[in-house]
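Asks: Mapped onto mature numbering (1 follows the signal peptide of the UniProt record, and there is no 0), the consecutive letters of the sequence shown carry residue numbers -17 to -1, 1 to 716.
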Amino acid sequence: WGFLLLTVSLALGGAASTRCPAPCICDNLRAHVLCLNGNLTVVPSAIPQLTKKLDLRGNSFTVIPVGAFLTTPYLTHLDLQRCKVERLEEGAFRGLGRLIYLNLASNGIALLYQESLDGLSSLQQLILEGNRIEEIQPGAFGHLGSLTILDMRANALVYLPDMVFQGLQALRWLRLSHNALHVLGSEAFTALPALRRLSLDHNELQALPSEALARLDGATRLDLGHNPITYLAEEALAMASLKHLFLDHAALQDVAPNAFAHSPQLRTLDLHENQLRGLLPLARAGGLVRVSLAGNPLLCSCLLRPFHNWLLKARVQVEGSCAAPPTLRGRPLDSLRPSEMRCGHLQPPPSPTAPSERPKVASSRQCPWGCTCSPDFRHGSCENRDLQEIPRGFPRDTRLLDLRRNTFGMVPPGAFPGLKELVSLHMQSCSIGVLRPGALQGLKNLVYLYLTDNRLSTLAAAAFKGAPRLAYLDLDRNAFTRLPTGAFQLLPNLISLHLQHNAIGELAEGDLAGASALRWLYLAGNAIGRIAPAALAPTRMLEKLHLEGNHLAEVPTAALRGLPALSELKLSRNPIKHIGDGAFLPVASSLQHLYLDNMGLEQISPGAFTGLGPKIRSLYLESNKMSNIPDMSNFTGLEILNLWNVPFDCACHLLPLRKWIDKLNLRVGATCESPAEARGLKVKLSTTFQTCPGWGRGEAGGASPDKTKAASKPSKKKRLGKSPTRSFKKNTA
């Protein structure tokens, strides 16, 4: 039997068990490979061919190239969380026809291309949470016919175009929470026949996207909480199968009596924490079982009596209590008697009027010569047509216009006449040196503007006049030497600003005037050596600040004051040699992700991290020159700590760090540089600490009597004999 089991083991592991790339752990019996937090910059090429589960979390890939996994065609599970991935090349996952689970959470992906996910015909779960995806190109999900769960929470989406999820025939749960969505195409959710749950909570929807939701005949649960929706109009929701609707923590002031008349299956209606003073009986909502109105300023007068009587007659459970009149304040609705709900001198509260419907723009089917126009997607494209002037004559209902890789040189005033519906405009790599005042005039619905890889060095104050809804502006790889002062005054809705890889030398006071809604500011790869203390003052809502690859010689502590929402700060690759006490104190209450890697950092003061604590989730300190780091024992929420390539002096003064690392359930990559006998050893494995005061009995790596006794006792495996069916290999190179 032993010989037979050994034969089976060899058949499963075979030649594959003889190779395991550093710094991975290979379990060939279960076909699992773990390469966690190894600072890998490319996907290892020597992964056993029969591997089914590959875990690459916490590495530094930046780009997933074409055919990156062609040598592992049997993969069913692939985890690429926290790998600093910024781009998925078209065809990156080709050859993975067996993959059913792909996790790309917590990376830096900004755009999904048409063929980025090609080859994943069996994929069932795709997790893209926590990236910075701003736009999804048509067809990106066209080859994912088996997908059941798509998680795109916590990205930077503002707009969903028509047919964007085409091809997801089996999708059951679509998670779009925690984005910045405020424009949904009327056909955005078309072709999702299996969808049962849609999560749109924590977005910027100001009105119920009725047309888009009406396409979801089979959805049973809809999450719309935490959106600034103020009013539900008549027949606002027409979802034939909807059973559970969550509209909590919105801004609702009024609900039309027949708002849910075309959602006959509705059972649960959650409206808690809104601004409702009352409701009228809900027409054709006979299936309702529960309504939550908790946290609303309900006026329990005679005006609420018809609704109260309807609740009793329909036997609907209700949560909520009176806010007025004073005699009934705090009384639960279900405890009231009709006779107590009097009017007296009370007047009905003013009822907000429904926002007017935006008039439909008649669309024509013309298209400029040399370009292509898709009436189904409402897209126009003149990409790479060697055009020297911006063409005119696109259909008036065009929403996405792709003009990349032409040679316009200049964008004149009124360059886009009649395109009032345009949402996304792409003019990357067009040799544009001038954007004339009024160039965007009339683009009142424009949300995305891509001007990457052009020759812009300045912008007139009126450059963006006529595009008040612009939320995403990409000016990466231009020729700016300073921020275009005054250009943001006309952009009250600007959320994301990209100015990476320019030649900006400083941030001066007033540079960001008018950018009061800005949440994400990307300034990596410039030459910024100074940030004025008040330079970031207009951006109180800022959440992400990327300053990596600049010329800063110190942490811009003064400039961080007044940023109460900042959660991510990147200072990587700046020549900061010393971090002083209280460097991050202004943002200590909100900061979650801090990047201090590859700076040549020589010293961190003991009080440098004062104020930081349990909120910190990731801290990157790799590739620096300090030999010690401050006490971080209160960083109890850490999920990532990278200390790779730091020359630690494993002497007694490092003992507190050593003890702390022992308690972490994280792979931190810390190794000793000195003393000589410990060089190259992991800090947690070095024996140099055993002679230090405070190295007590039972410390990890020590030789306490209990451990000595345990070591002298044969393990269970040894007493039973080594199992021939398990092939387990760890590469410690």
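Glycine included, every Cβ here is placed at the ideal spot set by N, Cα and C.
What residues are listed by DSSP as bridge partners for M315?
Replies: Taking the first residue of the sequence shown as position 1, residue 315 is located at position 332. A quick correction: the sequence has Pro, not Met, at residue 315. In DSSP, P315 forms a bridge with S304.
Asks: Considering just the uninterrupted stretch of the beta strand (DSSP E) at K553, what are its terminal residues?
Replies: Within the sequence shown, the letter at position 570 stands for residue 553. That run of the beta strand (DSSP E) goes 551 to 553.
Asks: Would you mind reading off the limits of the alpha helix (DSSP H) that contains K36?
Replies: Counted from its first residue, the sequence shown places residue 36 at position 53. Where K36 is concerned, there is no enclosing alpha helix (DSSP H), although the beta strand (DSSP E) it sits in stretches over 36 to 38.
Asks: Using beta-carbon positions only, say whether L87 and L58 come within less than 9 Å of one another.
Replies: The residue labelled residue 87 in the question sits at position 104 within the sequence shown. The residue labelled residue 58 in the question sits at position 75 within the sequence shown. Against a cut-off of 9 Å, the Cβ pair of L58 and L87 comes out as no contact.
Asks: Report yes or no: do the segment 640 to 658 and the segment 44 to 59 share at least 3 C-beta pairs separated by less than 8 Å?
Replies: With a cut-off of 8 Å, the segment 44 to 59 and the segment 640 to 658 do not count as touching, because too few Cβ pairs lie within range.
Asks: Would you mind working out which of A542, S412, S407 sits nearest R388, comparing C-alpha positions?
Replies: Looking up residue 388 in the sequence shown gives position 405. Checked all of A542, S412, S407; the closest Cα to R388 is S412.
Asks: Please report the straight-line C-alpha distance between E492 and A498, rounded to a whole angstrom.
Replies: In the sequence shown, counting from the first residue as 1, residue 492 sits at position 509. In the sequence shown, counting from the first residue as 1, residue 498 sits at position 515. Distance between the alpha carbons of E492 and A498: 13 Å.
Asks: Select from E531, L154, A500 the residue whose C-alpha is nearest the C-alpha of L178.
Replies: Along the sequence shown, one-based indexing puts residue 178 at 195. Here the closest residue by C-alpha is L154.
Asks: Distance cutoff 9 Å, beta carbons only. Does L109 sit that close to anything in chain B?
Replies: Given the protein chain composition of this structure (a single chain), no chain B is represented.
Asks: Does the distance from the C-beta atom of V629 to that of M609 stay below 9 Å?
Replies: Translated into positions along the sequence shown, residue 629 becomes position 646. Translated into positions along the sequence shown, residue 609 becomes position 626. For V629 and M609, yes; Cβs fall inside 9 Å.
Asks: Closest to L111 by C-alpha separation, out of A93, S104, L39, would be which residue?
Replies: Taking the first residue of the sequence shown as position 1, residue 111 is located at position 128. Cα-wise, what sits closest to L111 is A93.
Asks: Which same chain residues, not among the five before or five after N241, have their C-beta less than 7 Å away from its C-beta?
Replies: Translated into the one-based positions of the sequence shown, residue 241 becomes position 258. If we look at N241 and ignore the five residues flanking it on each side, its Cβ neighbours are E217, E218, A266, R267.
Asks: Could you give the residue range of the alpha helix (DSSP H) that holds S193?
Replies: As a first step, residue 193 is located in the sequence shown; it is residue number 210 there, counting from the start. Counting along the chain, the alpha helix (DSSP H) containing S193 begins and ends at 193 to 196.
Asks: Who are the near neighbours of L282 in its chain, counting only those whose CB is closer than 6 Å to its CB and skipping five residues on each side?
Replies: For this step, residue 282 is matched to residue 299 along the sequence shown. Cβ neighbours of L282 beyond the five flanking positions: R260, G261, A307.
Asks: Leaving out five residues on either side along the sequence, give the residues of the same chain with a beta carbon under 6 Å from the beta carbon of L602.
Replies: Indexing the sequence shown from 1 puts residue 602 at position 619. Same-chain partners within the cutoff: L577, L624.
Asks: Name, in chain order, the residues that DSSP records as bridge partners for K608.
Replies: Reading the sequence shown from its first residue, position 625 is the one you call residue 608. None; K608 has no bridge partner.
Asks: Taking DSSP's pairing of strands, which residues face S275 in a bridge?
Replies: For the purposes of this step, residue 275 is taken as the residue at position 292 of the sequence shown. Partner(s): D253, E302.
Asks: Going by beta carbon distance, what residues of the same chain come within less than 6 Å of D459, once the five residues before and after it are set aside?
Replies: Position 476 of the sequence shown, counted from the first residue, corresponds to residue 459. So the list reads T435, H481, Q483, H484, once near-sequence residues are dropped.
Asks: Determine, using beta-carbon pairs with one atom in the segment 144 to 162 and one in the segment 354 to 367, whether at least three such pairs fall under 8 Å.
Replies: Yes, since at least three Cβ pairs between the segment 144 to 162 and the segment 354 to 367 fall closer than 8 Å, the two stretches touch.
Asks: How big is the Cα-Cα spacing for L82 and S104?
Replies: Here residue 82 refers to the residue found at position 99 when the sequence shown is read from its first residue. Here residue 104 refers to the residue found at position 121 when the sequence shown is read from its first residue. L82 and S104: Cα-Cα distance of roughly 8 Å.
Asks: Which residue's Cα is closest to the Cα of S284: P400, L276, L316?
Replies: The residue given as residue 284 occupies position 301 in the sequence shown. Closest by alpha carbon: L316.
Asks: Any contact between the segment 516 to 524 and the segment 558 to 567? By contact I mean 3 or more CB pairs, one from each, below 8 Å.
Replies: Taking 8 Å as the limit for Cβ pairs, the verdict is that the segment 558 to 567 does not touch the segment 516 to 524.
Asks: Note down the Cα distance separating S304 from H165, rounded to an integer number of angstroms.
Replies: Working through the sequence shown from its first residue, we reach residue 304 at position 321. Working through the sequence shown from its first residue, we reach residue 165 at position 182. Distance between the alpha carbons of S304 and H165: 32 Å.
Asks: Could you check the C-alpha separation between V68 and A510 for me, to the nearest Å?
Replies: Counted from its first residue, the sequence shown places residue 68 at position 85. Counted from its first residue, the sequence shown places residue 510 at position 527. Taking the straight line joining both Cα atoms gives about 24 Å.
Asks: Report all residues from its chain with a CB closer than 6 Å to the CB of P211; omit the five preceding and five following residues, and keep chain order.
Replies: As a working mapping, residue 211 is identified with position 228 in the sequence shown. For P211, where only same-chain residues beyond five positions count, the Cβ hits under 6 Å are Q189, A234.
Asks: Could you have a look at E323 and say whether DSSP puts it in helix, strand or coil?
Replies: Position 340 of the sequence shown, counting from 1, holds the residue named residue 323. E323: helix per DSSP, three-state reduction.
Asks: Considering Cα atoms alone, identify which of G532, V570, A542 is closest to residue 724.
Replies: The structure shown does not extend to residue 724, since the chain is modelled only from -17 to 716, so the question has no answer here.
Asks: Counting C-beta neighbours from all protein chains within 10 Å, is the total for R662 16 or more, i.e. buried, or is it exposed?
Replies: By one-based count along the sequence shown, residue 662 stands at place 679. That one is exposed.
Asks: For the beta strand (DSSP E) containing N86, list its first residue and its last residue.
Replies: Along the sequence shown, read from residue 1 onward, the residue named residue 86 stands at position 103. Here the beta strand (DSSP E) through N86 covers 84 to 86.
Asks: How is L329 classed by DSSP in three states: helix, strand or coil?
Replies: For the purposes of this step, residue 329 is identified with residue 346 of the sequence shown, where counting begins at 1. Its pLDDT being 43, under 50, L329 is placed unreliably in this model, and the value from its coordinates should be taken loosely. Coil at L329, not helix or strand.
Asks: For a test of the three-state rule: what should DSSP assign to K527, helix, strand or coil?
Replies: For this step, residue 527 is matched to residue 544 along the sequence shown. Reduced to three states, the DSSP call for K527 is strand.
Asks: Are the CB atoms of H232 and H255 within a distance shorter than 9 Å?
Replies: Locating residue 255 in the sequence shown gives position 272, counting from the first residue. Locating residue 232 in the sequence shown gives position 249, counting from the first residue. Cβ distance < 9 Å, so H255 and H232 count as in contact.
Asks: Which residue from V666, I487, L473 puts its Cα closest to that of K508?
Replies: Locating residue 508 in the sequence shown gives position 525, counting from the first residue. In the sequence under discussion, the amino acid at residue 508 is Gly, which differs from the Lys named in the question. Among V666, I487, L473, the Cα nearest to that of G508 is on I487.
Asks: Considering Cα atoms alone, identify which of I415, S275, D237, V238 is closest to R250.
Replies: Translated into the one-based positions of the sequence shown, residue 250 becomes position 267. With distances taken between Cα atoms, R250 lies closest to S275.
Asks: Please report the straight-line C-alpha distance between residue 775 and R325, rounded to a whole angstrom.
Replies: Nothing can be reported for residue 775: it is not among the residues displayed for the chain, which extend from -17 to 716.
Asks: If I follow the unbroken beta strand (DSSP E) through T355, where does it start and stop?
Replies: Within the sequence shown, residue 355 is the residue found at index 372, counting from 1. Counting along the chain, the beta strand (DSSP E) containing T355 begins and ends at 355 to 357.
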